[in-house]
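Visitor: Residue numbers (the UniProt record's numbering): 1 to 150. Yeah, the Cβ is synthetic: ideal placement off N, Cα and C, and Gly gets one too.
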Amino acid sequence: MKSFTLIYYIVPQDNDDVEIPNAFGIGKPVDQVTLKDVKSSFPLQGEYIFRFRYKTSHNTVWLDLPTDTSQIPLFNNRILIKATRISWETQNNQSQSASVSQQLNNLAPQHIQNQTVNQQAFAQFQQPQPTQQQPQQQQQSSQNQNLIDF
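(1) Using C-beta distances below 6 Å, list every residue in its chain close to Gly46, excluding the 5 sequence neighbours before and after it, in chain order.
(2) Is the beta carbon of Leu35 sitting closer than 8 Å to the one on Asp68?
(3) Spell out the partners DSSP gives Trp62 in its beta bridges.
(4) In this structure, does DSSP put residue 160 in helix, strand or coil?
(5) Under the DSSP definition of a beta bridge, which residues are partnered with Gly25?
(6) For residue 184 versus Ala83, is the C-beta distance shorter than 8 Å?
(7) Alpha carbons only, please: which of Ser40, Phe75, Asn59, Trp62 is nearest the one belonging to Phe24?
(8) What are the start and end residues of the alpha helix (DSSP H) that includes Leu35?
(9) Indicate the three-state DSSP secondary structure (helix, strand or coil) for Asp14 in the structure shown.
(10) Please list, in chain order, all residues of the same chain as Gln71 whose beta carbon is under 8 Å from its beta carbon, the five residues on each side excluded.
(11) Could you please give me the residues that DSSP links to Glu89 through a beta bridge?
(12) How big is the Cα-Cα spacing for Thr90 and His58?
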């Protein structure tokens, strides 16, 4: 018969109460569960920091474990976790985001080039264009000058 361990957890950002924790199971005996097992089996999407409730001789504390292979400490003969959410995204989603970010960075030089071309085209419309009215204006002003000299 395969062993099964029930793991209790709270997420402070979700206003979970330590007196009424959530739970999930791992198919291992309680004394063989590691931090790596918790990370791979944790039921919520996202990235979390896991702290484990632990009772010393004088205090009850939340304990951080140093490595993924660390054995989980027990609190009143059960595992109790405080899972602090860092991000809603998983690491896999973050690598996808990094890939999209890289694609955008690759497009940046072309975007800058297009922006320069657009600015040049816009500048062309901002400069006064020579028109055929200018020679007429010059001719009219010379005629007006002739009238004054008259």
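Guide: Well, looking at it:
(1) The count along the sequence shown starts at 1 and reaches residue 46 at position 46. Excluding positions up to five away in sequence, the list reads Arg85, Ser87, Trp88.
(2) Taking the first residue of the sequence shown as 1, we reach residue 35 at position 35. Taking the first residue of the sequence shown as 1, we reach residue 68 at position 68. Contact: yes.
(3) The residue labelled residue 62 in the question sits at position 62 within the sequence shown. Trp62 is bridged to Arg53.
(4) In this structure the chain extends from 1 to 150, so residue 160 is not present and cannot be described.
(5) On the sequence shown, residue 25 is found 25 positions in, with the first residue counted as 1. According to DSSP, Gly25 bridges with Leu6.
(6) As displayed, the chain neither begins before 1 nor continues past 150, which places residue 184 out of reach and without an answer.
(7) Mapped onto the sequence shown, residue 24 falls at position 24. For Phe24, the nearest C-alpha among the options comes from Ser40.
(8) By 1-based counting over the sequence shown, the position of residue 35 is 35. Start and end: 35-41.
(9) Taking the sequence shown and counting its residues from 1, one reaches residue 14 at position 14. Correct three-state label for Asp14: helix.
(10) Along the sequence shown, one-based indexing puts residue 71 at 71. Result list for Gln71: Asp31, Gln32, Val33, Thr34, in chain order.
(11) Counting from 1 along the sequence shown, the entry for residue 89 is found at position 89. DSSP lists no partner for Glu89.
(12) Sequence index remark: in the sequence shown, residue 90 carries index 90 (1-based). Sequence index remark: in the sequence shown, residue 58 carries index 58 (1-based). Their Cα atoms are separated by approximately 37 Å.
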